[in-house]
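**Student:** If you read the protein sequences in the order shown, they are chains A and B. Numbering of the first sequence is given in the UniProt record's numbering, commencing with residue 1 and proceeding in unit increments. Numbering of the second sequence is given in the UniProt record's numbering, commencing with residue 1 and proceeding in unit increments. For glycine and all other residues, C-beta sits at the position ideal for the given N, C-alpha and C. Computed from a prediction, not measured in an experiment: that's the story for all the values here. Below: one structure in C-alpha cells.
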Amino acid sequence: MRDDDDSDGLTASRRKSSKDPRPPPRPRADGGMRIVVPLQGVVQGRGGLVLGSLIPCALFYFLQLYIKRNRPPAPEAAPGSPPPPPAATPIQRSHSRGLLTPRNALPSLSARGAVVRSGDEDSLYYAGLRRSADDPYHPVSNPDGIINLGLAENHLSLDLVGRWMEDHAAAAMLDGIAGAGEDARDLTIRGLATYQPYDGILALKMALAGFMRQIMHESVSFDPSQMVITSGATPAMEILSFCIADPGNAFLVPSPYYPGDIKWRTGIELIPVPCRSTDNFNISITALEIAYKQAKKRGVRVRGVLISNPSNPTGGIVPRETLHDLLEFVAEKNIHFICDEIFAGSMYGSDKFVSVAEVVDELEDFDKGRVHIIYGLSKDLSLAGFRVGVIYSYNENIVSAAAKIARFSSMSTPTQRLVVSMLSDQKFISEYLRVNRERLQKMYHLFADAMKQVGIECFKSSGGFYCWADMSRYIRSYSEKGERKLWDRLLEEAKVNVTPGSSCHCIEPGWFRCCFTALGEKDIPVLVERLRRVTDSHRSNS
Amino acid sequence: MVSMVADEKAQPQLLSKKATSNSHGQDSSYFLGWEEYEKNPFDPIANPGGIIQMGLAENQLSFDLIEAWLEANPDALGLRRGGASVFRELALFQDYHGLPAFKNALARFMSEQRGYRVSFDPSNIVLTAGATSANEALVFCLADHGDAFLIPTPYYPGYVSVCMRRFYSLPYDANVQVAAAGPAAPRTLLTTTRRTSHGSLLTWQSTSPSSPCRFDRDLKWRTGAEIVPVHCTSDNGFRVTRDALDDAYRRAHKRRLRVKGVLITNPSNPLGTTSTRADLDLLLDFVSAKGIHLVSDEIYSGTAFADPGFVSVLEVLASRRADDEGRLSDRVHVVYSLSKDLGLPGFRVGAIYSSNPGVVSAATKMSSFGLVSSQTQHLLASLLGDKEFTRRYIAENTRRIKERRDQLVEGLRAIGVECLESNAGLFCWVRMGSLMRNQSFEGEMELWKKVVFEVGLNISPGSSCHCREPGWFRVCFANMSAKTLDIALQRLADFAEANGKGAPAQKGLAGGAPARTMSCPVVRFSWANRLTPASGDRKAER
C-alpha cells in the first residue's frame, strides 16, 4: 500500500517536472544531473557511474526502511478492507519463538502438537484402516464389508491365550501363583496398587528374559538388569530414540519399513535406505554407506541404524552375515544399532532367525554398548492390548536413562503380574509357541497360494504376520500414482484393504503389505473372488 | 571438519544430550536421603529402627475397601463380564481412544468427585499412563521448545522435568558446560552454573536435582518447555495474587520466553489446600487477558476432607460461560489420575480433560506412547462403574484421610510445630523453623539432614518444592499405619526435646529476608531477588 503511495508520488513529481515547460534548459556542462543525483558530481572522477547509481539506491533503501519502521498499526492502515480473518490458522509454526510477545490470538497448539494432530490424516495406511473399521467384513452379518489386510494382529492363536486367561487370570493376581521370588505380601492389592518401579517389576523382567531366551532357541541368554519395560513397543522405540539422538539427528532405516511414529516428538529424521527386490530386499551396506555420506554432506548427524528383524513389512529375516556387516558398519561410524525383533517368536519359514544378541557375542573387540533390541509381547503372544514393550540394551547408561524416561509410559502393575504368571507357566508357553507356529505356517501357505491363484507373487517370507505381495503387474503406470490407484481399486472395487508399499517407503511401486493372520481359513475363497474383480478387469482392459 | 570427526571418535558412547544430561534429578542430597531410606526402610517388625518414609504421597488408607470389592467381584480380575470371558475383546485392544466403558465410568467418577456440579464428556477424555504422562502430553501439545509455563510456588518439583529445555538448543553458552559436565560432576556443576548464570534457566536445571518428589523431572525433560515460578508467600497462605502472576509473566518476558500457560495443582501439592473460587477466577482472568492456557492438575480432588471443599476450575468456568468471549473454555485443561484418589498409582491411569478438539486429538495420538493396558481398563471400568462402591469409597476415604491428618497435626502441635491449615491432600505443609538453628536455607538443609539421618524420617524440604521461605517441609501421612505415624511423631518429639526446645524463641521467623542471599544453596534465582519494577511498568505492560 505504501509502495503505491511512493510510486504515485514519484511519477506525479516526474510528470509535473516534465509537464512544466517554464524552467529554461540549463547549460549542459553542470548538467541537470547534478540536481537529480547531486552526489554523482562528487564522485564523478573515479568509478562515478557505479557509485553514482549505488548511493541513490542505498538512500532509497534507507527511506523504505524508515517508512517501514514507522508503519502505522495494521488495523488502522486498512480501514476499508475487510477485517483480517481472526487467527486464520489455529496452528502457528512458531520457530521464531522467544522474541514474539504473546498475543490474544495465540495458537491453541504447539507446533509439535499440530504436527501430531494432523500427522496421519493423509496417509493411505490410516485411511484404509479407518475405512475398514467403518465397514468390516463378516461372513454372516456383513458379507460385503471390507476384508482388512492392513492390520498388524495375529488372531490365529487367540483361543489359546484366551483359555489360559479364563483359567488363571483372577487367581494369578490375587492368590499369588505368580510370585516369582517375591514375598507373599506383595501379592495382595498392596503389591498391585502402590508405586512400583517405573521401568517394570523385577519379576516381569526375569520372566521376559526367560521367554526371549526360549524364542531365540536358547541360543543366547538375556540379563534382566539390561531391560526396561514400557507400555508397548511403540513407547519403547520412542524412549530409546530419545536416549540416543537429539532432534535433527537421523537414523538410517533400510526401506521398506513400517510407518512408525517416532519422528513426532523426538524430532529425529528417518533416512530411508532403499533395498531392492532384485536383492531380495536384503540390506546393502553400500547403500547405507552412501546414505550416511549424503546425510553428512547435508550436515545431518546420523546417530544410528534401525532395522526390523524379521522384517516388517517383507517378512524376510536378516542373515547372520548381514548382521555381522551391519555391526561392523556401525562400529566403524561409531553410531548405534537398533534392532526391532518384535516378531522373533512368530517364525514360520525354513530360515532360522538369528538375533543380534547372538551375533554380538561372536564378535571380538566389539563394543556392545551400541547395540539395542526392541521387543514386546503384542505380536508373539497376541497381547497388543496388554501393552508390554521392552528395551534391551547393552549400554548401562542408556538402560538407566531409559528407565527414568519410562515413567511416562509405565505399564500397569496388575497387568505386569498377570503377564508374569502367564510367562511362568512353562507348559502353556511351550505349547503356545508350537501351535502358533504351526498355524502361522499353514495360514501363510494358504494365503500365498491364494494370491498365486490370482497371479500375484509374494516375497518368500519367513516370519511375521505379513505377505509382501508384488502387484506391479496390475498397476497401469509404474509409479506411486499407479500404485495408489490400484490401492484405491482394491479398496473400492474388491473391498480389500492392504498397505501400499509407498506407506512403507518402498521405492519400487506395486508392492503391498498384506496381513494374513487376521483371516480365517474360510475367508480365503472370498478373498480370491474379491481380488479377481480387480485382476480380471485389468486383464480384459489391457 | 577433521576435528569434528576426531571428536566423535573420542566420545565413547553417543548418548543424546538428554540421556547424558544432569537433569534427572537424582544426584542431589535429596536423593541421598531417598537412597538412605531404600537402604534402611522402616518395618515395625523386621526393622523398627529404620527410616520412615514420609516423602511419598501415596494413599494406602483404603486398600481394604478395594480388596473387599475385588473379592466380591471376581469378574473384574478374571477378564470376564457377567461370567463370560471378554479376553478376545481385550487381547488386541490398543485403540488410543480407550475402552468406552472405562471412559464413561471415569467421566462419571470425576463428576462424582466434584459433587456432580460439573459433567464430563467421555469423548473429551484422553487416557494416559499416569498423571505424569498426562502432564507431559499436555505440555507437548501446548508448548514448543523454549516456551514457558508459569507455576505458583511452592509446587511439586516434578514439573520441571516435563519442561526441561534440551541443552543443545540453548542459546546460552553456559549450557555447553552442563552438557559437557555430564552426570559425573553434578556437584561442581551446581556451583558453577550458579555463578555463571544470572537467572537463566541454567539455575533451573541446577535446582531440579534437589527435588524431592519426582515431579521435577516430569515436565521439562523431553518437552524442552520452561518453568517460571510465580512466587507465593506465607503472608497470605501461599495464595496466588495478580501481582505475583504479572511479575512472573514479566520475568518470563525478560528472559525472552513465550509464556504458553499457567499450571496449577488444585488441591495444591505440597500445601494440601484447595483453591478458592476467587483464586480460580483470578487465574481465569489472567489467562484470559494474556491469551494463554490454564492447566489445572486436579489429581488430589478426591482427598478434600474439610470445608471449604474442592472447587474445580471447570465449575468456575461453567459459571462464566455466559460471557466467554475469548473461547476461554478452549484454553482450560484438567489433568486427573486415579493414583491419589483411589490410591492406585501402580495402575498407571491418568487422564487429560479438555474441550479443545485440537488438544484432545493431538493428545490422543500422543497417548499411543503410554497407553493403559486393556486389562487394567476393564478392571477399573467395573470398579468405577459400581456407583454404590464409589459413593461409599469417597466418603470413607476422605474420613480416614482427615483422621490421619488430624493425628499428624496434633502430634506436631504438641511439640510446638505448626502446619499450614489444610483441607485436602495426603500431606501437610509443616513449618519447622522452631527446630532450625538458623533461619535460612542452610538451616533448613541442616535440619533436614538431621531428620533423615538422625531422627529417621524421610520428609521433603520446602526448598525442593521451590518454596522461597526457609523452614517449610512437606510431610506425607497417608502411606503408613496410624501406629507408624505415632512412632514417627514420637521420634520427632524426642528430637525436639534433645535439641533443648530453645528454638521456639525464634519461632516468629519472617518471610526470611536474610535467607534470600546468594550464599544460600537453594535460592538460585538471582533475578528473583531484584526489586519488583515500579508499578508504572506493570501498567505499561498490561
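Alpha carbon to alpha carbon, how far is Val359 of chain B from Ser123 of chain B? Give it in angstroms, no decimals.
**Tutor:** Residue 123 of chain B sits at position 123 when you count from the first residue of the second sequence. Residue 359 of chain B sits at position 359 when you count from the first residue of the second sequence. Using only the alpha carbons, I get a separation of about 12 Å.
**Student:** Restricting to runs no shorter than 3 residues, where is the beta strand (DSSP E) found entirely within the segment 103-151 of chain B?
**Tutor:** 125-128
**Student:** Using a Cβ cut-off of 9 Å, pull out every chain B residue sitting near Asp365 of chain A, in sequence order please.
**Tutor:** As a working note, residue 365 of chain A is residue 365 in the first sequence. Going along chain B, no residue has its Cβ under 9 Å from Asp365 of chain A, so there is no contact; the nearest lies around 14 Å.
**Student:** Can you check whether the C-beta of Leu142 of chain B is within less than 9 Å of a C-beta belonging to chain A?
**Tutor:** For the purposes of this step, residue 142 of chain B is taken as the residue at position 142 of the second sequence. Taking Cβ atoms only, chain A reaches closer than 9 Å to Leu142 of chain B, which makes this a yes.
**Student:** Assuming the contact rule is C-beta atoms closer than 8 Å, Gly265 of chain B and Ala143 of chain B should be a hit. Round their C-beta distance to whole Å, please.
**Tutor:** Start at 1 with the first residue of the second sequence, and residue 265 of chain B comes out as number 265. Start at 1 with the first residue of the second sequence, and residue 143 of chain B comes out as number 143. For clarity, residue 265 of chain B is Thr in the given sequence; the question names Gly instead. With a Cβ gap of about 18 Å, Thr265 of chain B and Ala143 of chain B do not count as contacting.
**Student:** Is the Cβ of Met422 of chain A closer than 9 Å to any Cβ of chain B?
**Tutor:** The count along the first sequence starts at 1 and reaches residue 422 of chain A at position 422. No, because no Cβ of chain B sits closer than 9 Å to the Cβ of Met422 of chain A.
**Student:** Is Ile342 of chain A buried or exposed, if buried means 16 or more other CB atoms sit within 10 Å of its CB?
**Tutor:** Along the first sequence, one-based indexing puts residue 342 of chain A at 342. When all chains shown are included, Ile342 of chain A counts as buried.
**Student:** Who are the Cβ neighbours of Trp164 of chain A in its own chain at under 6 Å, not counting the five residues just before and after it?
**Tutor:** Along the first sequence, read from residue 1 onward, the residue named residue 164 of chain A stands at position 164. Phe428, listed in sequence order.
**Student:** Taking 8 Å as the cut-off, does the segment 520-538 of chain A touch the segment 487-501 of chain A (at least 3 CB pairs, one atom from each stretch)?
**Tutor:** yes
**Student:** DSSP has Cys467 of chain B in a bridge; who is on the other side?
**Tutor:** Your numbering for residue 467 of chain B matches position 467 in the second sequence. Paired residue(s): none; Cys467 of chain B is not in a bridge.
**Student:** At 7 Å on the CB atoms, spell out the chain B contacts of Gln196 of chain A, in chain order.
**Tutor:** By one-based count along the first sequence, residue 196 of chain A stands at place 196. Under the 7 Å cutoff, chain B gives Gly346.
**Student:** At a CB-CB cut-off below 9 Å, which residues of chain B make contact with Glu166 of chain A?
**Tutor:** Translated into positions along the first sequence, residue 166 of chain A becomes position 166. Chain B residues near Glu166 of chain A: Gly78, Leu79, Arg80, Ser85, Phe87.
**Student:** Going by C-alpha to C-alpha distance, which of A:Ser409, A:Leu270, A:Asp261, A:Phe211 sits closest to Val115 of chain A?
**Tutor:** In the first sequence, residue 115 of chain A corresponds to position 115, counting from 1. The shortest CA-to-CA distance from Val115 of chain A to any of A:Ser409, A:Leu270, A:Asp261, A:Phe211 is the one to A:Asp261.
**Student:** Quick check: the segment 278-286 of chain A against the segment 413-428 of chain A, are there 3 or more CB pairs under 8 Å?
**Tutor:** no
**Student:** Decide if Lys404 of chain A is buried, meaning its Cβ has at least 16 other Cβ atoms within 10 Å, or exposed.
**Tutor:** The count along the first sequence starts at 1 and reaches residue 404 of chain A at position 404. By the 10 Å Cβ count, Lys404 of chain A comes out buried.
**Student:** Within the 9 Å Cβ cut-off, does Arg400 of chain B reach chain A?
**Tutor:** The sequence position of residue 400 of chain B within the second sequence is 400, counting from 1. No, its Cβ sits nowhere closer than 9 Å to a Cβ of chain A.
**Student:** Since Thr276 of chain B contacts Pro229 of chain B with CB under 8 Å, what's their CB separation in whole angstroms?
**Tutor:** Here residue 276 of chain B corresponds to residue number 276 of the second sequence, with the count starting at 1. Here residue 229 of chain B corresponds to residue number 229 of the second sequence, with the count starting at 1. Rounded, the Cβ-Cβ distance is 21 Å, inconsistent with contact.
**Student:** Any beta-carbon of chain B closer than 9 Å to the one on Ile405 of chain A?
**Tutor:** Position 405 of the first sequence holds residue 405 of chain A. Yes - at least one Cβ of chain B is within 9 Å of the one on Ile405 of chain A.
**Student:** With a threshold of 9 Å between beta-carbons, can Asp235 of chain B be considered close to chain A, or not?
**Tutor:** Counting from one through the second sequence, the residue named residue 235 of chain B turns up at place 235. Output row for Asp235 of chain B: interface = no.
**Student:** Hey, His378 of chain B and Leu79 of chain B are a contact pair by Cβ (cut 8 Å); roughly how many whole angstroms apart?
**Tutor:** Start at 1 with the first residue of the second sequence, and residue 378 of chain B comes out as number 378. Start at 1 with the first residue of the second sequence, and residue 79 of chain B comes out as number 79. Yes, His378 of chain B and Leu79 of chain B are in contact; Cβ-Cβ is about 6 Å, under 8 Å.
**Student:** Output the distance between the C-alpha atoms of Glu269 of chain A and Ala84 of chain B, rounded to the nearest integer angstrom.
**Tutor:** Translated into positions along the first sequence, residue 269 of chain A becomes position 269. Translated into positions along the second sequence, residue 84 of chain B becomes position 84. About 47 Å.
**Student:** Does the Cβ-Cβ distance between Leu363 of chain A and Leu327 of chain A come in under 9 Å?
**Tutor:** On the first sequence, position 363 is the one that residue 363 of chain A refers to. On the first sequence, position 327 is the one that residue 327 of chain A refers to. Yes, they are a contact pair.
**Student:** Whose CA, out of A:Ser53, A:Leu192, A:Ala203, A:Leu486, lies closest to the CA of Ser421 of chain A?
**Tutor:** Residue mapping note: residue 421 of chain A aligns to position 421 of the first sequence, counting from 1. Minimum Cα distance to Ser421 of chain A is reached at A:Ala203.
**Student:** Report the option in A:Phe337, A:Leu149, A:Ile239, A:Ser157 whose CA atom is closest to the CA atom of Tyr126 of chain A.
**Tutor:** The residue you call residue 126 of chain A lines up with position 126 of the first sequence. For the residues A:Phe337, A:Leu149, A:Ile239, A:Ser157, the minimum Cα distance to Tyr126 of chain A belongs to A:Leu149.
**Student:** Can a CB atom of chain B be found closer than 9 Å to the CB of Val305 of chain A?
**Tutor:** The residue labelled residue 305 of chain A in the question sits at position 305 within the first sequence. Not an interface residue.
**Student:** In chain B, which residues lie less than 7 Å from Ser409 of chain A when you measure between Cβ atoms?
**Tutor:** Taking the first residue of the first sequence as 1, we reach residue 409 of chain A at position 409. By Cβ distance, chain B contributes Ala129, Ser133, Phe369, Gly370.
**Student:** Under a Cβ-count criterion, where at least 16 other Cβ atoms within 10 Å of its own Cβ denotes burial, should Glu483 of chain A be classed as buried or exposed?
**Tutor:** The residue given as residue 483 of chain A occupies position 483 in the first sequence. By the neighbour-count rule (16 or more Cβ atoms within 10 Å), Glu483 of chain A is buried.
**Student:** Note the first and the last residue of the continuous beta strand (DSSP E) segment covering Thr230 of chain A.
**Tutor:** Translated into the one-based positions of the first sequence, residue 230 of chain A becomes position 230. 227-230 is the extent of the beta strand (DSSP E) around Thr230 of chain A.
**Student:** Report yes if the C-beta of Val399 of chain A is less than 8 Å from at least one heavy atom of the ligand MG; otherwise report no.
**Tutor:** In terms of ligand content, the structure shown is empty, and the ligand MG therefore cannot be addressed.
**Student:** Among A:Ile475, A:Asn436, A:Ser537, A:Lys442, which residue has its Cα nearest to the Cα of Glu521 of chain A?
**Tutor:** For the purposes of this step, residue 521 of chain A is taken as the residue at position 521 of the first sequence. For the residues A:Ile475, A:Asn436, A:Ser537, A:Lys442, the minimum Cα distance to Glu521 of chain A belongs to A:Lys442.
**Student:** Where Glu444 of chain B and Val430 of chain B are concerned, what is the direct C-alpha to C-alpha distance, given to the nearest angstrom?
**Tutor:** To locate residue 444 of chain B, count along the second sequence from 1; it is residue 444. To locate residue 430 of chain B, count along the second sequence from 1; it is residue 430. Looking at the two C-alpha atoms, the distance is approximately 12 Å.
**Student:** Determine the contact status of Ile335 of chain A and Arg298 of chain A, defining contact as a CB-CB distance below 9 Å.
**Tutor:** By 1-based counting over the first sequence, the position of residue 335 of chain A is 335. By 1-based counting over the first sequence, the position of residue 298 of chain A is 298. Taking 9 Å as the Cβ cut-off, Ile335 of chain A and Arg298 of chain A do not qualify as a contacting pair.
**Student:** Examine chain A for any beta-carbon lying closer than 9 Å to the beta-carbon of Asp147 of chain B, and answer yes or no.
**Tutor:** Here residue 147 of chain B refers to the residue found at position 147 of the second sequence. Judged by the 9 Å Cβ criterion, Asp147 of chain B is in contact with chain A.
**Student:** Residue range of the alpha helix (DSSP H) that Arg405 of chain B falls in?
**Tutor:** Numbered from its first residue, the second sequence carries residue 405 of chain B at position 405. Arg405 of chain B -> alpha helix (DSSP H) spans 387-414.
**Student:** At the 9 Å Cβ level, is Thr499 of chain A part of the contact set with chain B, yes or no?
**Tutor:** For the purposes of this step, residue 499 of chain A is identified with residue 499 of the first sequence, where counting begins at 1. Not closer than 9 Å to any Cβ of chain B, the Cβ of Thr499 of chain A fails to qualify, so no.
**Student:** Looking at the structure shown, is Pro224 of chain A part of a helix, part of a strand, or coil, going by DSSP?
**Tutor:** Residue mapping note: residue 224 of chain A aligns to position 224 of the first sequence, counting from 1. Note: Pro224 of chain A maps to helix in three-state DSSP.
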